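Novice: Position 156 (the sequence shown) corresponds to 790 in this note's numbering; numbering is contiguous. C-beta: ideal position from N, C-alpha, C; glycine also. All values derive from a computational prediction rather than experimental measurement.
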Amino acid sequence: MKNIAAINNEDEILRRLGIGSLSDMQLGMKDAMSGGNDDVVLLSPTGTGKTLAYLLPLSAMLDASSSEVQAVVIVPGRELALQSHEVFRSMACGLRSMCLYGGRPAMDEHRELRRVMPQVVFVTPGRFVDHLEKGNIAASAVRYVVIDEFDKCLKMGFAAEMSKAMELLVAVRRRFLLSATDAAEIPSFVNMGRAVRLDYLDGGDVQGRIGQYVVESPDKDKLDTLAALLCSFGDASTIVFLNYRDSVERASSFLEEKGFVVSSFHGGMEQKEREAAVYKFANGSANVLVATDLASRGLDMPGVDNIVHYHMPVGEDEYVHRVGRTARWDARGRAFFLLDPGEELPPYVPGEPEPYAVPAGWQVPPRPRMVTLYIGKGKKDKVSRGDILGFLCKTGGLEGKDIGRIDVKERWAYVAVDSSKWRDVVRCTSGAKLKGVKTVVELIK
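1. Measuring alpha carbon to alpha carbon, tell me which of G967, P739, L863, C787 ends up nearest D764.
2. Between the beta-carbon of A925 and the beta-carbon of H900, is there less than 8 Å?
3. With 16 as the cutoff for other CB atoms within 10 Å, does D782 come out buried or exposed?
4. Buried or exposed for K914, please, with buried defined as at least 16 other CB atoms from any protein chain shown within 10 angstroms of its CB.
5. Going by alpha carbons, who is nearest to T1006 out of K1035, D1015, L972, V1051?
6. So, is K856 buried or exposed, given that buried needs 16 or more other C-beta atoms within 10 angstroms?
7. Which word fits S774, buried or exposed, when buried means at least 16 other C-beta atoms lie within 10 angstroms of its C-beta?
8. Whose C-beta lies closer than 6 Å to the C-beta of R807 among residues of the same chain, with five residues either side of it excluded?
9. Quick check: the Cα distance between L1068 and I873, rounded to an integer number of angstroms?
10. When you compare the region 864-880 with the region 941-955, are there three or more beta-carbon pairs, one atom per stretch, that lie closer than 8 Å?
11. Kindly give me the distance between the Cβ atoms of V1074 and G1010, rounded to whole angstroms, as I take these residues to be in contact under 8 Å.
12. Look at M725 and L651 and say whether their C-beta atoms are less than 8 Å apart.
13. To which residues of the same chain is A1063 closer than 7 Å at the C-beta, ignoring the five residues directly before and after it?
14. How long is the line joining the alpha carbons of V674 and V830, rounded to whole angstroms?
15. Taking the straight line between their C-alpha atoms, what separation do you get for L835 and G1034?
16. Considering only the alpha carbon of each residue, which of A694, L863, R884 lies closest to G995?
17. Helix, strand or coil: which one does DSSP assign to T1063?
18. Mapping DSSP to helix, strand and coil, what is Q846?
19. Report the residue from I1037, E1044, F792 whose alpha carbon sits nearest the alpha carbon of S1053.
20. Which of the three DSSP states, helix, strand or coil, is assigned to E1076?
21. When the distance is taken between beta carbons, is P679 closer than 8 Å to G958?
22. Does E746 come out as helix, strand or coil in the three-state DSSP assignment?
23. Among I771, M741, T758, whose alpha-carbon lies nearest the alpha-carbon of M751?
24. Counting only beta-carbon separations shorter than 8 Å, does S668 have a partner in chain B?
25. Along the chain, which unbroken stretches of the alpha helix (DSSP H) at least 4 residues long are found entirely within the region 947-982?
26. Any idea what DSSP makes of G1024, helix, strand or coil?
27. Taking its Cβ as the centre, do 16 or more other Cβ atoms sit within 10 Å of K1079, making it buried, or is it exposed?
28. Using only CA atoms, which one of A687, G654, N643, E746 lies nearest to A666?
29. With a 10 Å radius around its C-beta and 16 neighbouring C-beta atoms as the bar for buried, classify S822 as buried or exposed.
30. Looking only at C-alpha atoms, which of I1040, D927, V922, S731 sits nearest to G937?
31. Looking only at its chain, what residues have a beta carbon closer than 6 Å to the beta carbon of L805, apart from the 5 residues adjacent to it on each side?
32. Do you know offhand how far V1071's Cα is from I1022's?
33. When you compare the CB positions of L690 and K664, do they come within less than 8 Å of one another, or not?
34. For the beta strand (DSSP E) containing S898, list its first residue and its last residue.
35. Rounding to the nearest angstrom, what Cα-Cα distance links F865 and A991 in this structure?
36. Just checking my contact of Y735 with V757 at CB under 8 Å: how many whole Å lie between their CB atoms?
Shown next as structure tokens:
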């Protein structure tokens, strides 16, 4: 059978994604993957579109008539797995895919693998080894391996799992490694052949689109200065990075008490809580995301205006990935280093960040126009964005202008609605049916 992915041409896929043309980096990756049999290492700054750079040519290399997993995309965490999977689904290129990660029963994923029969899986290292050893994924059918953020995947924490995975993948023809930072050495167990190296780290011009500033805090405890700084941003979208979970909780509580609408994000939260926090921030229901470095990788949130380093990054890699959350694609952004009286800028920060004076007499910005509602039905229930839009208008009493971003997950959905009308929506939809089944509609706090 002819590859269905080839029938959906590149122009049509880009149109679906709302992208006018590919960048030089994406064209270079496409040529390297499509025009030969070599392995490829791609280095490019975060926010430059590496996910699409490998997914577009990969989709044209696979057989849509096969019921086996032909390509595996290994990523260091579930957030990046989910994000990359969503990009692939949005391409609508005629191939089936799944996202596999820890924190949920592997048996459930196995049943889903047999039902979906994906040609591509996006998977974390430990969960991938688990499925390979149980025979849930046929190692003999896998022809292509992508290791995204290989600098993190190949570090000590994942070394044993990655080594085992590469050992089990006996039929791999080509390997594609991607990162926003250079790795000192690629371990021998990856077993790359003759590799093409594409290095766009110096030519990405991301730093040129990011203004960097130093904010001096008069006190060791920087929370008051942080609040004043955020007030100077107005309603701009901002991520505040801290190095510890308890620090995230403390800063979030402080800002909420001051009247800010905040989302918190760290590894101690349940996956569903983390997803809700991200969507609340991404759809404009919260202007501020307070997070650990977990939010510096794998989350593609367009339109982030400011990055604030409340705690200094622990290393250059962490710095690169933090600032990469802003100025994505061709946008511009700002990064702020919040220093107490005894702190200095890390030596790896390029250039000379400008001093930024926080205005006196600050006032908390007005609350966002939108809030986020949780709806207890998703893709597994055959619910689409259109279904939710109709449900909220017909049953919830809203108009189109009252509804913002709608994100439909496997078992539930998130939707941004006018903050002045959410109580009426919850009241009107209480006990109501969505596609013939009663559902839950509630506010994400």
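Specialist: With the given structure in hand:
1. Taking the Cα of D764 as reference, the smallest distance to any Cα among G967, P739, L863, C787 is reached at P739.
2. yes
3. buried
4. buried
5. That would be V1051, whose Cα lies nearest to the Cα of T1006.
6. buried
7. So S774 ends up on the exposed side.
8. R777
9. 35 Å
10. yes
11. 4 Å
12. yes
13. According to the sequence as given, residue 1063 is Thr; it is not Ala. Taken in chain order, the residues that qualify are T1029, G1030, V1075.
14. 5 Å
15. 43 Å
16. Nearest neighbour of G995 by Cα position, chosen from A694, L863, R884, turns out to be L863.
17. helix
18. strand
19. I1037
20. strand
21. Yes, Cβ-Cβ distance for G958 and P679 is below 8 Å.
22. helix
23. I771
24. In summary, chain B is missing from the structure at hand, where a single protein chain is found.
25. DSSP runs (the alpha helix (DSSP H)) wholly in the region 947-982: 950-957.
26. helix
27. exposed
28. Of the candidates A687, G654, N643, E746, the one whose C-alpha sits nearest the C-alpha of A666 is A687.
29. Classification for S822: exposed.
30. V922
31. Residue identity differs from the one stated: residue 805 is Ala in this sequence, not Leu. The beta carbon of A805 sits closer than 6 Å to those of S774, all from its chain and outside the five residues before and after it, given in chain order.
32. 13 Å
33. Closer than 8 Å, so yes.
34. Taken as a continuous stretch (DSSP letters only), the beta strand (DSSP E) holding S898 covers 896-899.
35. Sequence check: residue 865 is Cys here, not Phe. C-alpha separation (whole angstroms): 12 Å.
36. 7 Å
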